[in-house]
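In my numbering, the protein residues as written are 1 to 264.
Beta carbons: idealized from backbone N, C-alpha and C, even for Gly.
First the structure, in the form of structure tokens, and then the observations on it.
What follows is the structure, encoded as structure tokens:
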């Protein structure tokens, strides 16, 4: 047995590299924001054939879009759902907005002492929304082949920001994918906000997992508020992901949300 094994090992040949190069799915771009007074990193996924295509692509703006956060798995999900043999969603560009201070960017000022104690840098969402509206969206329109269809994905504090946008400036995006929103912020003042009237058709998808009564009730109340305000003319959807928790709701919620928005 030892002889046979020895002979097998000696007969093996090591393969050699023919070539080697980096595996890339897009670009990492740093932009200077005058509004935020800092440089921001964008991780951008482009569909295969983008460089040679004449068509324009929808844009999916992803909060928490750093490479070590949600960018890679959401970009992969978008690629999968847009495969021609599935055709669940159109080929799309994904813009992952890398974080510097998400607690600052995704929250509006809170009157809660506990909020301010636990998140001392909070309260900067107004400027971040202005960055999205006045700098990032025009930058994408000027530099890339994009259509007018814009989607935003946000989870947890990112879901809070997406919720604030759809309540205050609903025309900023066409599709809102809101996952496990932190509606507890500022003693749930978000749930008391009066939604701004929207002057175009939008889609809203709210999802939450088994995340405790506060998170689940908050997401449900948000859904009903948005349904009452926009449901007559727009598509407002809610999904309870009972087998998932706050840590793993995003991937399935994103799949179902994008399918709801785009599937023919």
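Of the listed residues 109, 145, 168, 223, nearest to residue 235 (C-alpha basis):
The candidate whose alpha carbon is nearest that of residue 235 is 223.
Candidates 21, 258, 49, 136: closest to residue 33 by CA position
Cα-wise, what sits closest to residue 33 is 136.
Nearest-angstrom Cα distance between residue 74 and residue 187?
Their backbone Cα atoms lie some 31 Å apart in a straight line.
Taking DSSP's pairing of strands, which residues face residue 154 in a bridge?
Residue pairing by DSSP puts residue 154 in a beta bridge opposite 178.
Buried or exposed by the 16-neighbour rule on C-beta atoms within 10 Å, applied to residue 128
Buried, because 16 or more other Cβ atoms sit within 10 Å of the Cβ of residue 128.
First and last residue of the beta strand (DSSP E) that includes residue 198?
Note, residue 198: premise wrong, no beta strand (DSSP E); not H, not E.
Going by the beta-carbon positions, is the gap between residue 72 and residue 81 smaller than 8 Å?
In this structure, residue 81 does not lie closer than 8 Å to residue 72 by Cβ.
For residue 223, the first and last residue of its enclosing alpha helix (DSSP H)
Counting along the chain, the alpha helix (DSSP H) containing residue 223 begins and ends at 213-230.
What are the residues that DSSP puts in a beta bridge with residue 257?
BP columns for residue 257 are empty, so no partner.
Taking the alpha carbon of residue 46 as the reference point, which residue from 104, 64, 139, 78 has its own alpha carbon closest?
For residue 46, the nearest C-alpha among the options comes from 78.
What residue range does the alpha helix (DSSP H) around residue 139 cover?
That run of the alpha helix (DSSP H) goes 137-143.
Where residue 45 sits in the DSSP three-state scheme
In the three-state reduction of the DSSP assignment, residue 45 falls in the strand class, which pools E and B.
Classification of residue 164 by the beta-carbon crowding that lies within 10 angstroms, buried from 16 upward:
Answer is buried; the Cβ neighbour count reaches 16.
Pick out whichever of 56, 148, 143, 181 has its Cα sitting closest to the Cα of residue 160.
Nearest of 56, 148, 143, 181 to residue 160, Cα basis: 181.
In chain order, which alpha helix (DSSP H) runs of at least 4 residues are fully inside the segment 61-105?
Secondary structure remark: continuous alpha helix (DSSP H) runs of at least 4 residues inside the segment 61-105, in chain order: 71-81, 102-105.
Buried/exposed call for residue 63, threshold 16 Cβ in 10 Å:
With 16 or more Cβ atoms within 10 Å of its Cβ, residue 63 is classed as buried.
With residue 241 and residue 70 assumed to form a contact (beta carbons below 8 Å), what rounded beta-carbon distance in angstroms separates them?
Not a contact, Cβ separation roughly 16 Å.
Residue 90 to residue 107 span [Cα, whole Å]
One C-alpha to the other measures close to 31 Å.
Considering residue 240, what are the terminal residues of the beta strand (DSSP E) in which it resides?
For residue 240, the enclosing beta strand (DSSP E) starts and ends at 235-241.
Between residue 210 and chain C, is there a C-beta pair that is closer than 8 Å?
Among the chains in the structure shown there is no chain C, since it carries only a single protein chain.
With residue 28 as the anchor, note down where its beta strand (DSSP E) starts and where it stops.
Segment 26-33, the beta strand (DSSP E) holding residue 28.
Over the uninterrupted beta strand (DSSP E) stretch that includes residue 173, give me the two end residues.
Premise fails: residue 173 is in no beta strand (DSSP E) and is neither H nor E.
Please return the same chain residues whose Cβ sits closer than 7 Å to the Cβ of residue 84, not counting the five positions on each side in sequence.
No residues qualify anywhere along the chain.
Taking a contact to mean a Cβ-Cβ separation below 8 Å, would you say residue 94 touches residue 28 in this structure?
Between residue 94 and residue 28, the C-beta gap is not smaller than 8 Å, which leaves the two residues out of contact.
In the DSSP output, which residue or residues are listed as bridge partners for residue 204?
Under DSSP, residue 204 shares a beta bridge with 176, 236.
Does the distance from the C-beta atom of residue 207 to that of residue 247 stay below 8 Å?
Going by beta carbons, residue 207 and residue 247 fall outside the 8 Å limit.
Using CA atoms only, rank isn't needed, just tell me which of 252, 121, 147, 144 is closest to residue 178.
The candidate whose alpha carbon is nearest that of residue 178 is 252.
Give me the Cα-Cα distance between residue 202 and residue 176, rounded to the nearest whole angstrom.
So the two alpha carbons sit approximately 8 Å from each other.
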